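Report on the following structure.
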Amino acid sequence: MTKINKEQEKKNKIEEKENRGEQKKILEQKQHTESEKQAEEKQHTKKKHISYKAKYEEVQDRYLRLSAEFDNYRKRTLREKADLTKFASEGVLLSLLPVIDDFDRAMASLPGHEECKSYVEGISLIYNKIKDFLKQNGVEEMKVLHQTFDPDLHDAVTKIPAQEDDLKGKIVDVLQKGYFLKGKVLRHAKVVIGE
Numbered sequence: 003m004t005k006i007n008k009e010q011e012k013k014n015k016i017e018e019k020e021n022r023g024e025q026k027k028i029l030e031q032k033q034h035t036e037s038e039k040q041a042e043e044k045q046h047t048k049k050k051h052i053s054y055k056a057k058y059e060e061v062q063d064r065y066l067r068l069s070a071e072f073d074n075y076r077k078r079t080l081r082e083k084a085d086l087t088k089f090a091s092e093g094v095l096l097s098l099l100p101v102i103d104d105f106d107r108a109m110a111s112l113p114g115h116e117e118c119k120s121y122v123e124g125i126s127l128i129y130n131k132i133k134d135f136l137k138q139n140g141v142e143e144m145k146v147l148h149q150t151f152d153p154d155l156h157d158a159v160t161k162i163p164a165q166e167d168d169l170k171g172k173i174v175d176v177l178q179k180g181y182f183l184k185g186k187v188l189r190h191a192k193v194v195i196g197e
């Protein structure tokens, strides 16, 4: 081997080492760049995941609210429908109450003569049939005499001095009967209060 060859060989070896070093650096840079890209992708994916999760939770919340709203709507509609069927006859029954009032006055004024007995029986039969009809449809008469005045149930027409102390603030006379329809006030009682 000649000296030139040896030097050439040394140069080649040095160049190879440098090339290997450069290749190693390039490889390391590539790996570093790839790991940065992967980290960026991971970060981007994480942000996307968080964004999708937030959107999912928002949609889920909206769904639950709409579901609850619809359920409330359905219940309210069913309740209104039940009330409508329960109180649909309210107008007709309310218009029958003056007829009952007239029958009450007629029954109170009927004489007890023997010759009027058949008339009294006929009127009593009609009166009882109407009262039974009202009862079958959920109409109940209010029992108000000597009860404490309640503005939700009674209309005070006047006040008079009470004959006894325990009747003060209580109902001493009923001018017009009050009625309930299935627990709801159909007509307020018109009353006189003791003071």
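Mapping the sequence shown onto the working numbering, position 127 (from 1) lands on 129, and the numbers just tick up by one. Positions of the beta carbon are idealized from the N, C-alpha and C atoms, including for glycine. Remember, predicted model here, so these are calculated numbers, not experimental data.
{"Asked": "Three-pair Cβ contact test at 8 Å for the region 116-136 versus the region 168-175", "Found": "no"}
{"Asked": "Three-way DSSP call (helix, strand, coil) for Gly-196 in this model", "Found": "strand"}
{"Asked": "Outcome for Arg-67 when other beta-carbon atoms lying within 10 angstroms are tallied against a minimum of 16", "Found": "exposed"}
{"Asked": "Cβ contact (3+ pairs, closer than 8 Å) linking the region 176-187 and the region 152-159", "Found": "yes"}
{"Asked": "Beta strand (DSSP E) segment containing Ala-158, residue limits", "Found": "156-162"}
{"Asked": "Any C-beta of chain B under 8 Å from that of Val-101", "Found": "Within the model displayed, chain B is absent; a lone protein chain is all it includes."}
{"Asked": "Leu-86 (DSSP reduced to helix, strand or coil)", "Found": "helix"}
{"Asked": "From Glu-24, Lys-32 and Val-101, residue whose alpha carbon lies closest to that of Gln-178", "Found": "Val-101"}
{"Asked": "Simplified DSSP assignment, three categories, for Asp-134", "Found": "helix"}
{"Asked": "Cβ-Cβ distance between Lys-161 and Glu-197 below 8 Å", "Found": "yes"}
{"Asked": "Distance, Lys-172 Cα to Val-94 Cα", "Found": "31 Å"}
{"Asked": "Glu-92: first and last residue of the uninterrupted alpha helix (DSSP H) it sits in", "Found": "92-111"}
{"Asked": "Among Arg-64, Lys-192, Phe-182 and Glu-43, the one whose alpha carbon lies nearest that of Val-176", "Found": "Lys-192"}
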